[in-house]
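**Student:** My questions all concern the structure below.
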Amino acid sequence: MQEFGESIRACIFSPNGASIVSSDDNGSVCIWGQDRSLKCHVKVHDEAVHTIAFSSDSNIFLTACTLGNVRLFAVGNDFAKALSSADCSIDAAHDMGVLSADFCKIVHTDPTDKRSLIYTLATCGTDHFVKIWRVFFMPGNIDDQRTGGTRLIPNTPQEHFAGQSSIYSTGVMNASCAQTISAHGSSVTCVRFNPTGTLLFSGSLDKTIKIWNQQGTCLKTLTHHSRYVNCLAVNGNSSVVASGSNDRTVAIWDLTGNLSLDSHISDARSLLFSIAVKAVDLPLEFTCPITHELMKDPVYAEDGFTYERTAIQEWFARDHPTVSPMTNLELSTAELVENGKLKQRIEEYLRTLDPQHHPV
557 MQEFGESIRA CIFSPNGASI VSSDDNGSVC IWGQDRSLKC HVKVHDEAVH
607 TIAFSSDSNI FLTACTLGNV RLFAVGNDFA KALSSADCSI DAAHDMGVLS
657 ADFCKIVHTD PTDKRSLIYT LATCGTDHFV KIWRVFFMPG NIDDQRTGGT
707 RLIPNTPQEH FAGQSSIYST GVMNASCAQT ISAHGSSVTC VRFNPTGTLL
757 FSGSLDKTIK IWNQQGTCLK TLTHHSRYVN CLAVNGNSSV VASGSNDRTV
807 AIWDLTGNLS LDSHISDARS LLFSIAVKAV DLPLEFTCPI THELMKDPVY
857 AEDGFTYERT AIQEWFARDH PTVSPMTNLE LSTAELVENG KLKQRIEEYL
907 RTLDPQHHPV
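Each residue of the sequence shown is one higher than the last, beginning at 557 in this note's numbering.
Here is the structure:
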């Protein structure tokens with residue numbers, strides 16, 4: 557229970573298993589040890605904290621409240637100390653409250669300085685939107701208090717804007733909004749990335765579940781529940797999604813068509829949805845930072861990143877003709893240059909996996 561008996565709104569393990577964190581209606585967060593002892597109690601918001609999340613490497617901890625504000629903390633070596641002050645704040649991230657947030661497990665490094673890490677974060681709320689954010693973080697600044705001074709992280713605290721949202725950065729962390737998706741016909745209650753980062757799932761009070769690619773295109777709408785969808789979970793190889801609803805059922809969704817349910821699982825429902833799910837762990841440099849899929853035609857853009865040609869062209873063709881999808885900075889040109897060396901390395905890698913279909 558929370559230290560002062562407040563109702564608990566969220567409870568999660570840290571990815572490294574070192575802590576259990578809970579949040580409550582009073583705007584507070586409690587950190588619990590594995591021995592069930594209370595390590596820390598900190599008030600981080602003025603309103604109820606319905607959403608807490610960790611990045612997959614445990615470097616960043618997120619809280620979000622019913623006012624729509626998001627707080628991001630660089631955890632460092634002392635989690636309790638880190639919660640004393642947010643390293644990046646997003647005010648009015650969602651109108652009338654943030655209901656869920658999830659970090660993509662894929663983390664990129666800025667190719668221009670090799671120090672700034674780029675995280676992809678999804679949030680959702682009562683405004684019917686799903687938002688995709690880039691969170692920029694310099695781990696070396698957590699404990700030694702060095703300033704940033706990179707193209708992504710200013711060396712002094714700054715305020716900037718993303719639509720109606722205000723973002724407050726520090727020398728450790730910054731953020732920008734990459735996409736705003738009008739996702740559902742009612743409040744969006746949950747967002748979850750699949751482990752490979754290629755898909756994003758959202759659930760809503762409109763009773764539906766939607767599956768999105770990283771470019772913000774809805775690939776499929778799942779309509780099974782008779783009341784609103786509260787929560788979602790994706791298994792480790794991206795083949796199964798579970799959804800919980802106020803219709804008192806849990807639905808099991810089979811994304812590959814190969815699911816075999818044990819007989820003791822009663823009332824589970826399997827619905828086919830054909831998506832190519834690769835279990836192979838691809839080298840990060842071989843995957844497009846937009847789609848997180850293996851690149852076939854890698855090209856350089858002016859921002860220093862290498863993208864799949866069709867993915868970056870689609871990005872430019874939508875509403876972002878001169879904006880980098882990774883840094884959100886203005887580009888002076890949309891010109892692309894083939895990355896021939898990387899293309900050759902990808903082809904060599906594919907030959908090691910399947911010599912028959914990729915002969916020397």
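Cβ coordinates follow ideal geometry from the N, Cα and C atoms, glycine included.
Out of Ser-640, Leu-840, Gly-573 and Leu-623, point me to the one whose CA is closest to Phe-610's CA.
**Tutor:** As a working mapping, residue 610 is identified with position 54 in the sequence shown. Nearest of Ser-640, Leu-840, Gly-573 and Leu-623 to Phe-610, Cα basis: Gly-573.
**Student:** Indicate the three-state DSSP secondary structure (helix, strand or coil) for Phe-861 in the structure shown.
**Tutor:** The residue given as residue 861 occupies position 305 in the sequence shown. It is coil, neither helix nor strand.
**Student:** Comparing C-alpha positions only, which one of Gln-714, His-780 and Ala-731 sits nearest to Asp-803?
**Tutor:** The residue labelled residue 803 in the question sits at position 247 within the sequence shown. Considering only alpha carbons, the answer is His-780.
**Student:** Less than 8 Å between the CB atoms is what I'm expecting for Ser-801 and Arg-783, so what's the real figure, rounded?
**Tutor:** The count along the sequence shown starts at 1 and reaches residue 801 at position 245. The count along the sequence shown starts at 1 and reaches residue 783 at position 227. With 8 Å as the limit, Ser-801 and Arg-783 qualify as a contact, their Cβ atoms being about 6 Å apart.
**Student:** Under 8 Å: do the segment 767-774 and the segment 711-721 share three or more Cβ pairs, one atom per stretch?
**Tutor:** No, they do not touch.
**Student:** Counting only the same chain and skipping the five closest in sequence on each side, list residues whose C-beta sits under 6 Å from that of Asp-683.
**Tutor:** On the sequence shown, position 127 is the one that residue 683 refers to. Taken in chain order, the residues that qualify are His-650 and Asp-651.
**Student:** Who are the Cβ neighbours of Phe-842 in its own chain at under 7 Å, not counting the five residues just before and after it?
**Tutor:** Locating residue 842 in the sequence shown gives position 286, counting from the first residue. Closer than 7 Å at the Cβ level, and outside the excluded window around Phe-842, lie Leu-850, Met-851, Ile-902 and Tyr-905.
**Student:** If you compare alpha carbons, which of Asn-793, Leu-775, Thr-777 and Thr-764 is closest to Cys-787?
**Tutor:** Here residue 787 is taken as the residue at index 231 of the sequence shown, counted from 1. Comparing Cα-Cα distances from Cys-787 to each of Asn-793, Leu-775, Thr-777 and Thr-764, the minimum goes to Thr-764.
**Student:** Could you tell me the boundaries of the alpha helix (DSSP H) in which Leu-906 lies?
**Tutor:** For this step, residue 906 is matched to residue 350 along the sequence shown. Element bounds for Leu-906: 896-909.
**Student:** Along the chain, where does the beta strand (DSSP E) containing Phe-635 start, and where does it finish?
**Tutor:** The residue given as residue 635 occupies position 79 in the sequence shown. That residue, Phe-635, is in no beta strand (DSSP E); its alpha helix (DSSP H) goes 635-638.
**Student:** Between the segment 588-595 and the segment 619-634, are three or more C-beta pairs nearer than 8 Å?
**Tutor:** no
**Student:** Measure the alpha-carbon distance for Ser-795 versus Ser-575 and round it to whole angstroms.
**Tutor:** Taking the sequence shown and counting its residues from 1, one reaches residue 795 at position 239. Taking the sequence shown and counting its residues from 1, one reaches residue 575 at position 19. Looking at the two C-alpha atoms, the distance is approximately 28 Å.
**Student:** On the CB-based measure, 16 or more other CB atoms within 10 Å of its CB, does Arg-748 come out buried or exposed?
**Tutor:** Here the question's residue 748 lines up with position 192 in the sequence shown. Arg-748 should be labelled buried.
**Student:** Give the DSSP bridge partners of Glu-849, in chain order.
**Tutor:** In the sequence shown, residue 849 corresponds to position 293, counting from 1. The partner list for Glu-849 (beta bridge, DSSP) is empty, contrary to what the question assumes.
**Student:** When the Cα atoms are used, what is the spatial distance from Gly-561 to Ala-636?
**Tutor:** Working through the sequence shown from its first residue, we reach residue 561 at position 5. Working through the sequence shown from its first residue, we reach residue 636 at position 80. Those two C-alpha atoms are separated by around 20 Å.
**Student:** Report the residue from Phe-685, Leu-898 and Ser-725 whose alpha carbon sits nearest the alpha carbon of Asp-643.
**Tutor:** Here residue 643 refers to the residue found at position 87 of the sequence shown. Asp-643 has its Cα closest to that of Ser-725, out of Phe-685, Leu-898 and Ser-725.
**Student:** Which partner residues does Ser-758 have in the DSSP bridge list?
**Tutor:** Taking the first residue of the sequence shown as 1, we reach residue 758 at position 202. Note: Ser-758 sits in a beta bridge opposite Val-747 and Lys-766.
**Student:** May I ask you to list the residues that DSSP assigns as paired with His-716?
**Tutor:** To locate residue 716, count along the sequence shown from 1; it is residue 160. Answer is Ile-723, bridged to His-716.
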